[in-house]
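Undergrad: Counting in UniProt numbering, the first sequence runs from 1 upward without gaps.
Think of the CB as a built atom: it goes at the ideal place given N, C-alpha and C, for glycine as much as any other residue.
Predicted model only: the values in this text are computed from it and were never measured.
Sharing a structure here in structure tokens format.
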Amino acid sequence: MKNAALASSSLFTDVRATANRYAALLQLCCPQGPKSYSLARSVHAHMITSGFRPRGHILNRLIDIYCKSRNIAYARHLFDAIPKPDIVARTTLISAYSVEGSLKLARELFDGTPVSVRDTVSYNAMITGYSHNGDGHSAVKLFSDMRCDCLRPDNFTLTSVLSALVLIVDDELQCQQFHCTVVKSGLESVVSVLNALISLYVKCAGFSSSLMNSARRLFDAMPEKDELSWTTMITGYVKRGDLDAARKLFDGMTEKLEVAWNAMISGYVHHGFTLEALEMFKRMRSEGIQFDEFTYTSILSACANAGLFRHGKQVHAYILRTEAKPAPDFSLPVNNALVTLYWKNGKVDQARRVFDRMLERDLVSWNAILSGYVNSGRIDEAKILFEEMPGRNLLTWTVMISGFAQNGLGEEGLRLFNRMRIEGIEPCDYAFTGAIIACAGLGALEHGRQLHALLVRFGYDSSLSAGNALMTMYARCGAVEAAHHVFLTMPYMDSVSWNAMIAALGQHGHGAQALELFDRMLKEGILPDRITFLTVLSACSHAGLVKQGCAYFESMDRIYGISPGEDHYARLIDLLCRAGKFSEAKNVIETMPFQPGAPVWEALLAGCRIHGNMDLGIQAAERLFELMPKHDGTYILLSNMYANMGQWGNAAEVRKLMRDRGVKKEPGCSWIEVGSKVHVFLVDDTMHPEVQEVYRYLEKLGLEMRKLGYIPDTKYVLHDVESEHKEYALSTHSEKLAVAFGLLKLPRGATVRVLKNLRICGDCHTAFKFMSKVVEREIVVRDGKRFHHFRDGECSCGNYW
DNA sequence: CTAGGGTTAG
């Protein structure tokens, strides 16, 4: 009996000793991070083979280890086998589920815990779970539940709930209320709590800038600061765009942390100060501070954004040289940044190679390569990628929608936008932007209006990008007033907004108003960019303001330091040629700093066509044939030039040449809204049910115009080059069909608005002037990107069409 | 067992 007792007690101490050994072993394994988890798992394996059944805190430790090595399912399996799991085991799992994003599972466990057992730590884990997953409201709700359970919040609680508040807080008052809560808890001098409080104030400084000073006062008054206090403050300034203040603080740090360097670099990158970012990077190296993957990622993206590809490749080479790791082993973000670097450098295939070699990919990687294809116009490949992707987020949809929109596939873009909504994904303002741009391309005014209404309902009415897109959409659909209304009501504007409005005015023939707006832009201290000048030059051109246009062109480099590119030169040539100033144009072409390309020659040819400058026109056409032999526009311009001068034979000759060379004419189409229905017309549209009626009407109009003496300067008005026998009928261009249809079907007094996908031809332009006179109606026609308003025999563009 | 900063895609 006694022996038996002795034996069992020695067995007991034996088990205890074994347990202690295992506990000590696990203790040794754990603090060394993920690499030691495999070690810990073999300790567990040893337990199993030697018949030792872990219980209590050893089992909890094991559960934690499996959670940390991302094998939550097995951890759960161990957990489920415990008859009465304690609060520590529960909290471990709750936290693991939260980190993984499985909030429902976490909450189930939490709710399954008897109230009497719940402690502050388990609440903390749950609150953190919500805050990590962006659900600030639930975190705050739980915080108040916790106080109902009479549990005292500790510093963990406060830091978590404060960081949750950062997500949802939207005014100063809430911020101060929480400050009081913190003070009442008596933890207001704990460093981590103060840090979190500071970041709350920093966030609120977005609403009221005085709060930045409150944050700074808290910071300055801290009895001791840790590395985080500094970085919170520095990033606070960075996020507000106050890089000087950030830099001052950074320079004042006695001991500069890696993190602070990275914060400064990413701040510079984000605000476009690439050179400063690079300079910091160099200084880091000269001061012997170790780069980490954050540094590399920021600096690579700086190079990608600023187009400094040579520097980017140098950094890539540097990583390869110093890190002694094979490329695919770079951390995920570094590889992602490399993908971006390469596609932004126009090397999609190289980007794809980096992408293909990566050992692990996340959504960012997929989105990066998708953007690469979209931005290089390789929509078909992008489409395949989009369907194959393992997951999608808002950005994915947005990239794809704007990809379609910007590559002339507006309908597909809108379809995707709808599919996104059907799949229950709430569009962000950028997704709306893409869809609105799709409407702009399609000239779908009614659809655009509906999207505008929806946008407002979603609460995005102050979005900058959506506002800019709306202006463009309304302008491209002929609704300048609506565009102007958006312009006036936008709370935030950038140069794009100004450019869009200036363009809207210029495109509609309001050249003088466009220039007025440009002057206002300058007075308000907004710096013009390359696009602004393109827009302004076009406006001058359409309004015939040659002198002013030349002056603006000249001021580009002299005042604003923007050297004119090829497109600017093309606009200048266009401006001069439309005004018939050919010797000046020739002079510009001969003295420009680079070889003139297609856009310049095309502008010259178009000007020659207007003024019948045959010799120069033929020269320009020859250059264009060399540069892009398959471009249909050149043939059409040239044949129109001949036809305009009555040289029908030559005109037909050019058409023949075009056919012989197998050049396809881009199919033109026009459309018009009558009531809520959109009618689309194609060239020689015999399919349209009412087209016979339209033909007869056109014929009648032609006769009437002749009878009233509106004989055009050239016979061309009543003709098509290819059907010159229809002496009195207006020829069947899609825009003429559409306008005639509108004149027939729209009530008297209503303006006829027609959209044409391509440029309208001279024939139609002249015809519409007469038509507007004969029928006493206003006719508005979109010509590619701009608009002509025909009224009483005149056009808003003068003759600079 | 629980907290807080810096990175990547438009």
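1) Between the region 565-583 and the region 528-537, can you find at least three pairs of beta-carbon atoms closer than 8 Å?
2) Between 761, 248, 608, 771, which has its C-alpha nearest residue 234's C-alpha?
3) Among 759, 743, 63, which residue has its Cα nearest to the Cα of residue 752?
4) In this structure, how does DSSP classify residue 182 when only helix, strand and coil are distinguished?
5) Considering just the uninterrupted stretch of the alpha helix (DSSP H) at residue 425, what are its terminal residues?
6) Quick check: what's the CA-CA separation for residue 650 versus residue 341?
7) Assuming the contact rule is C-beta atoms closer than 8 Å, residue 662 and residue 734 should be a hit. Round their C-beta distance to whole Å, please.
8) Residues in its own chain within less than 7 Å of residue 792 by CB, not counting five upstream and five downstream?
9) Does residue 1 pass the burial test, meaning 16 or more other C-beta atoms within 10 Å, or should it be called exposed?
10) In whole angstroms, give me the CA-to-CA distance for residue 717 and residue 736.
11) So is the beta-carbon of residue 632 under 7 Å away from any non-hydrogen atom of the ligand NAP?
12) If you follow the beta strand (DSSP E) that residue 779 is part of, which residue opens it and which one closes it?
13) Tell me, please, which residues DSSP counts as bridged to residue 672.
14) What residues are listed by DSSP as bridge partners for residue 794?
15) Expressed to the nearest angstrom, what Euclidean distance is found between the alpha-carbon atoms of residue 459 and residue 453?
16) Distance, Cα to Cα, residue 14 vs residue 115?
17) Could you have a look at residue 724 and say whether DSSP puts it in helix, strand or coil?
18) Whole angstroms are fine: how far does the CA of residue 497 sit from the CA of residue 106?
19) Using a threshold of 8 Å, state whether the C-beta atoms of residue 79 and residue 124 are closer than that.
20) Would you grab the beta carbon distance between residue 151 and residue 119 for me? Rounded to a whole angstrom, and I think it's under 8 Å.
21) Using the three-state DSSP reduction, which class does residue 90 fall into: helix, strand or coil?
22) Going by beta carbon distance, what residues of the same chain come within less than 7 Å of residue 62, once the five residues before and after it are set aside?
23) What does DSSP give as the partner residue(s) for residue 786 in the beta ladder?
24) Leaving out five residues before and five after residue 301 in sequence, what residues of the same chain have Cβ atoms less than 8 Å from its Cβ?
25) How about the region 512-530 and the region 542-562: do they share at least three Cβ pairs that are nearer than 8 Å?
26) Round the Cβ separation of residue 172 and residue 208 to the nearest angstrom and send it over; I've been treating them as touching at under 8 Å.
27) Do residue 148 and residue 175 have their CB atoms nearer than 8 Å?
28) Which value, in whole angstroms, describes the spacing of the CA atoms of residue 6 and residue 16?
29) Whole angstroms is fine: what's the gap from residue 606's alpha carbon to residue 637's?
30) What does a CB cutoff of less than 8 Å around residue 74 pick up in its chain, not counting 5 residues either side in sequence?
31) Do residue 265 and residue 289 have their CB atoms nearer than 8 Å?
32) Using CA coordinates, which residue listed in 747, 656, 614, 665 is at the minimum distance from residue 674?
33) Please report the straight-line C-alpha distance between residue 128 and residue 476, rounded to a whole angstrom.
34) Quick check on the burial criterion: 16 or more other C-beta atoms within 10 angstroms. Buried or exposed for residue 730?
35) Would you identify the three-state DSSP class for residue 383, choosing helix, strand or coil?
TA: So, from the data block:
1) In the pairwise beta carbon analysis, the region 528-537 is classified as touching the region 565-583: at least three pairs are separated by under 8 Å.
2) For residue 234, the nearest C-alpha among the options comes from 248.
3) In this structure, 743 is the residue among 759, 743, 63 with its C-alpha nearest to the C-alpha of residue 752.
4) Correct three-state label for residue 182: helix.
5) First-last for residue 425: undefined, no H or E at that position.
6) C-alpha of residue 650 to C-alpha of residue 341: approximately 51 Å in a straight line.
7) Contact flag wrong, Cβ pair sits at about 23 Å.
8) In its chain, beyond the 5 residues on either side, 772, 773 have a beta carbon closer than 7 Å to the beta carbon of residue 792.
9) The predicted model places residue 1 with a pLDDT of 44, which falls under 50 and marks its position as unreliable, so this point remains unresolved.
10) At residue 717, the pLDDT of 38 sits below 50, so the modelled position is not reliable and the matter cannot be decided from this model.
11) This structure lacks the ligand NAP; in fact it carries no ligand of any kind.
12) Its beta strand (DSSP E) spans residues 779-783.
13) DSSP lists 679, 754 as partners of residue 672.
14) In DSSP, residue 794 forms a bridge with 791.
15) Each residue's Cα considered, the two are about 10 Å apart.
16) So the alpha carbons of these two residues sit roughly 37 Å apart.
17) For residue 724, the pLDDT reaches just 43, beneath the cut-off of 50, and the residue's location in the model is therefore unreliable, although a value from the coordinates is still provided. Coil, per DSSP.
18) Going from the Cα of residue 106 to the Cα of residue 497 covers about 46 Å.
19) The beta carbons of residue 79 and residue 124 sit no closer together than 8 Å.
20) Residue 151 to residue 119, Cβ: 7 Å. Contact.
21) Helix at residue 90.
22) Take residue 62, set aside five residues on each side of it, and the residues of its chain with a beta-carbon closer than 7 Å to its own are 44, 54, 78, in chain order.
23) DSSP, once it has assigned bridges, lists 783 as partnering residue 786.
24) Shown here for residue 301: same chain residues with a beta carbon closer than 8 Å to its own, the five before and five after excluded, namely 269, 337, 340, 341 in chain order.
25) Enough Cβ pairs lie closer than 8 Å, so yes.
26) With 8 Å as the limit, residue 172 and residue 208 qualify as a contact, their Cβ atoms being about 5 Å apart.
27) The Cβ-Cβ distance between residue 148 and residue 175 does not fall below 8 Å.
28) For residue 6, the predicted structure reports a pLDDT of 43, less than 50, and the residue's modelled location is therefore unreliable. The matter cannot be settled from this model.
29) Linking residue 606 to residue 637 through their CA atoms gives a straight-line distance of about 7 Å.
30) Same-chain partners within the cutoff: 66.
31) For residue 265 and residue 289, no; Cβs fall outside 8 Å.
32) Among 747, 656, 614, 665, the Cα nearest to that of residue 674 belongs to 747.
33) Residue 128 and residue 476: Cα-Cα distance of roughly 48 Å.
34) At residue 730 the pLDDT is 46, less than 50, meaning the model places this residue with poor confidence and gives no usable figure here.
35) Residue 383 falls in the helix class under three-state DSSP.
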